[in-house]
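Structure below.
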């Protein structure tokens, strides 16, 4: 699983979104809630974030399959999450999963100009594409890090031809 070595922008961004939409069943992202709810209620950044999220969710609503309200790190590790006493009824993230369609692909291509544009305060973060129950592409937005999981050397080479540079060779 090689890391993506550069930010995928503009033409390459559209190409990788098209590839992932053509080869995956689901798309997802994370909406951070706790930090904003607790620490940024009155800030202009928070207001922009909520406005942007609402606009995007209105566009994506027809494709929404489910939303999980739980911290992503526990979900990824397969651990059932038990809330801490201080959390009360609050949750830390909304994990939104969408059905991939041609219309969704167009929305994703027009919403951002690069993979690392998907972060606060303008957009949800940590986008992912899912194929057959496995994450095919994942982005850690706040780290500007991405991963593409290739099933074969042929797929690795094909993705590389789309203009995607990897930090290491396929093995």
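Numbering (the working numbering), first residue to last: 9 to 179. Heads up, the beta-carbon is just placed ideally off N, CA and C, and yes, glycines get one too. Everything numeric in this text was worked out from a predicted model, so none of it was measured.
Here the stretch 9-21 makes no contact with the stretch 100-115; the two share fewer than three CB pairs at distances below 8 Å. Here residue 153 is bridged, per DSSP, to 148.
For residue 52, the uninterrupted alpha helix (DSSP H) segment begins and ends at 52-68. The stretch 166-178 makes no contact with the stretch 55-70: fewer than 3 CB pairs, one atom from each, lie closer than 8 Å. When DSSP reads this structure, residue 11 sits in a beta bridge with 155. If the five residues before and after residue 164 are omitted, its C-beta is found closer than 7 Å to the C-beta atoms of 158 and 178, all from its own chain and listed in chain order. Straight through space, the alpha carbons of residue 54 and residue 136 are spaced by roughly 23 Å. DSSP places residue 72 within a strand segment (E or B) once states are collapsed to three.
Between residue 28 and residue 144, the beta carbon gap of about 6 Å places them in contact (Cβ cut-off 8 Å).
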